[in-house]
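See structure below.
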Amino acid sequence: MDGTWTVNDVARNVRMPSAADDKYSRGVVGMRTGSEGFPGAAVLGVEAAWRTGVGMVRYLGPQSAHSLVLARRPETVISDGRVQSWVVGSGIDVAARGRGETHALRTILSGEQPVVVDAGALDLAREATTMVVVTPHDCEHARMREALGLQALSDRASSARETARALNAVVLLKGSVTLVASPDGQLLRIDAPTAWLATAGTGDVLAGIVGALVAAAVAAGNVKDLAALADIAASAAWLHGRAAEFASSQFGGGPIAALDVAQALPHVVAEALASR
Numbered sequence: 074m075d076g077t078w079t080v081n082d083v084a085r086n087v088r089m090p091s092a093a094d095d096k097y098s099r100g101v102v103g104m105r106t107g108s109e110g111f112p113g114a115a116v117l118g119v120e121a122a123w124r125t126g127v128g129m130v131r132y133l134g135p136q137s138a139h140s141l142v143l144a145r146r147p148e149t150v151i152s153d154g155r156v157q158s159w160v161v162g163s164g165i166d167v168a169a170r171g172r173g174e175t176h177a178l179r180t181i182l183s184g185e186q187p188v189v190v191d192a193g194a195l196d197l198a199r200e201a202t203t204m205v206v207v208t209p210h211d212c213e214h215a216r217m218r219e220a221l222g223l224q225a226l227s228d229r230a231s232s233a234r235e236t237a238r239a240l241n242a243v244v245l246l247k248g249s250v251t252l253v254a255s256p257d258g259q260l261l262r263i264d265a266p267t268a269w270l271a272t273a274g275t276g277d278v279l280a281g282i283v284g285a286l287v288a289a290a291v292a293a294g295n296v297k298d299l300a301a302l303a304d305i306a307a308s309a310a311w312l313h314g315r316a317a318e319f320a321s322s323q324f325g326g327g328p329i330a331a332l333d334v335a336q337a338l339p340h341v342v343a344e345a346l347a348s349r
């Protein structure tokens, strides 16, 4: 479907665990995020993934971020193992990315599990052989399009659709109006309910939400094509915006930080589940 995403749409993409579930059947998300310069991105994405309701988070980023991640979320696993989705690139600086890190990212993108590609891995997305959701903001999107040989377009919707076709991937174009485009031309719209969301680190939170929802859906056998992945990405964007709105309401409608958004996620996940 084309159109504005609502809580009723989100409810279809949020799982309530049953008594038969375990941590693996609820979904395991792997995260290769953060860097020496931006270790907080790892913390924010991991926190968001846990708070969205995933069964396990594996963090395989740089050693320098391990202590920060474990201090905030000690239940995080820092050893390699099976996952149902990946989040890569958040908090990674392309200019400072070494050969080893680039090789690791390319290995993930040529694997079997869906990958959420953010920030410092966006330049590698066109090499992916697995299903991908890319999560650029407008400036990153412009750079991606230039690398793909696509001309600049003033219309964001047309631009996102064209990029999705060129990459054969889902494009989640962040902004006050977030657009989720699929290669088949489908376009979903999510309006940010508060401008306080425009602050450092919230993109890292969004990537963690998308990765968690994808992992849960893969574990349930519900990701069969890019259309399903687009629905999940749109649902993540809705949860992200609503969590920001809820977090701001706790301060009388005042400013928030990225971690506030992640901490508000259990409330809005419950809200979506209650709408069924």
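Each residue of the sequence shown is one higher than the one before, counting from 74 in this note's numbering. All residues carry an ideal CB built from backbone N, CA and C; glycine is no exception. Predicted, not measured: the structure shown is a model, and the values here were computed from it.
Residue i and residue j closer than 8 Å at C-beta
| i | j | result |
| --- | --- | --- |
| VAL244 | ALA233 | yes |
| ALA285 | VAL206 | no |
| THR106 | SER163 | yes |
| TRP159 | GLN186 | yes |
| LEU302 | MET89 | no |
| SER255 | ALA84 | no |
| ALA288 | VAL150 | no |
| ASP228 | VAL250 | no |
| ASN46 | ASP304 | Since the first and last residues shown for the chain are 74 and 349, residue 46 lies out of range. |
| MET104 | LEU133 | yes |
| THR208 | VAL296 | no |
| ALA138 | ILE165 | no |
| VAL342 | GLY126 | yes |
| ALA292 | SER98 | yes |
Cutoff 8 Å; reference residue i; Cβ partners in own chain excluding five residues on either side
| i | result |
| --- | --- |
| ASP94 | GLY128 |
| ALA335 | LEU117, GLU120, ALA121, ARG124, VAL278, GLY281, ALA316 |
| GLY154 | VAL101, ARG131 |
| ASP257 | LEU299, ALA300 |
| ALA168 | none |
| HIS214 | SER232, ALA233, THR236, VAL244, LEU246 |
| THR79 | TRP311 |
| ASN241 | PRO256, LEU299 |
| THR272 | PRO328, ILE329, ALA330, ALA331 |
DSSP-derived helix/strand/coil call for residue i
| i | result |
| --- | --- |
| ASP264 | strand |
| LEU332 | helix |
| MET74 | Its pLDDT being 49, under 50, MET74 is placed unreliably by the model, and nothing is read from it. |
| ALA230 | helix |
| SER158 | strand |
| ARG105 | strand |
| LEU245 | strand |
| THR251 | strand |
| VAL130 | strand |
| VAL87 | coil |
| VAL167 | helix |
| VAL342 | helix |
Endpoints, the alpha helix (DSSP H) within which residue i is located
| i | result |
| --- | --- |
| MET217 | 211-220 |
| LEU145 | Strictly speaking, residue 145 in this sequence is Arg, with Leu absent from that position. 136-145 is the span of the alpha helix (DSSP H), which, as asked, contains ARG145. |
| ALA280 | 275-292 |
| VAL83 | 80-84 |
| VAL119 | 113-125 |
| GLY110 | From DSSP, GLY110 is part of no alpha helix (DSSP H); its letter is neither H nor E. |
| ARG315 | 299-322 |
| THR175 | 172-182 |
Residue i: first and last residue of the uninterrupted beta strand (DSSP E) it sits in
| i | result |
| --- | --- |
| VAL206 | 205-207 |
| ALA93 | Where ALA93 is concerned, there is no enclosing beta strand (DSSP E), given that its DSSP letter is neither H nor E. |
| VAL189 | 188-190 |
Residue i classed as buried or exposed, judged by whether at least 16 other C-beta atoms fall within 10 angstroms
| i | result |
| --- | --- |
| THR77 | exposed |
| GLU109 | exposed |
| HIS313 | buried |
| ASP211 | exposed |
| ALA290 | buried |
| ARG218 | buried |
| GLY171 | exposed |
| GLN259 | buried |
| ALA92 | exposed |
| GLY276 | buried |
Sequence-distant residues of its chain with Cβ nearer than 6 Å to residue i (five each side left out)
| i | result |
| --- | --- |
| SER321 | THR267, TRP269, ILE329 |
| GLY274 | LEU117, ALA331 |
| LEU141 | PRO112, VAL116 |
| ALA194 | VAL161, GLY162, LEU178 |
| ALA201 | LEU182 |
| ASP333 | ALA320 |
| VAL253 | LEU245, LEU261, ALA303, ALA306, ALA307 |
| MET74 | Note that MET74 scores 49 on pLDDT, short of 50, meaning its location in the model is unreliable; the coordinates nonetheless yield the value given after this. Answer for MET74: no residue qualifies. |
| LEU221 | ALA239 |
| VAL189 | VAL160, VAL206, ALA280, VAL283, GLY284 |
| LEU38 | Because the chain spans 74 through 349 in this model, residue 38 falls outside it and cannot be assessed. |
| ALA309 | ILE282, VAL283, LEU286 |
Proximal residues to residue i (C-beta, below 7 Å), its chain only, five neighbours per side dropped
| i | result |
| --- | --- |
| LEU197 | LEU178, ARG179, LEU182 |
| HIS340 | PHE319 |
| ARG145 | VAL116, GLU120 |
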